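Here is the structure we will look at, set down as structure tokens.
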Amino acid sequence: MQQGDWLPATGGYNVRMDATAKKLFEDALTLPDGERAELAASLIASLDQGADEDAQAAWDTEIARRVSELDEGSVRPVPWAEARRIIAGDSDEAPGS
-8 MQQGDWLPAT GGYNVRMDAT AKKLFEDALT LPDGERAELA ASLIASLDQG ADEDAQAAWD
52 TEIARRVSEL DEGSVRPVPW AEARRIIAGD SDEAPGS
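Each residue of the sequence shown is one higher than the one before, counting from -8 in this note's numbering.
Okay, here's the thing in structure tokens:
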């Protein structure tokens, strides 16, 4: 395979890689699942070096608001299985009712 050739990746996607990246990819595929997952997470994290401070602050505020609503009892938590049924339309119950 020449530099820049197409390499079929797992999941049905094609990824354009040079020879070095292709070799790293092939070597990574030989790692145990847990180590591959850690490597993938580290690579993805390395792409997001600049955290958006405003977004983080907004999420912190939103999380605090939601926790407060739960603590006050003004909202009812919905188990994931029930939420999934509601989202899929398999329930007559409206979210939050």
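Heads up, the beta-carbon is just placed ideally off N, CA and C, and yes, glycines get one too.
Just so you know, these numbers come straight off a predicted model, no measurement behind them.
Cβ-based burial, residue i [other Cβ within 10 Å; buried from 16]
i	result
L38	exposed
Endpoints, the alpha helix (DSSP H) within which residue i is located
i	result
D18	10 to 19
D24	24 to 38
Whether residue i touches residue j by CB criterion (9 Å)
i	j	result
A19	L30	yes
E60	V66	yes
Same chain only: Cβ atoms within 6 Å of residue i, ignoring 5 sequence neighbours per side
i	result
S33	none
D(-4)	Bear in mind that a pLDDT of 46 at D(-4), under 50, signals an unreliable position, so the model cannot answer this.
Sequence-distant residues of its chain with Cβ nearer than 8 Å to residue i (five each side left out)
i	result
L22	L30
A55	none
Beta carbon proximity, residue i to chain C, threshold 9 Å
i	result
A36	The structure shown contains no chain C; it is built from a single protein chain.
Quick check for students: name the residue ranges of the alpha helix (DSSP H) that lie wholly in the segment 44 to 69, counting only runs of 4 or more.
44 to 63
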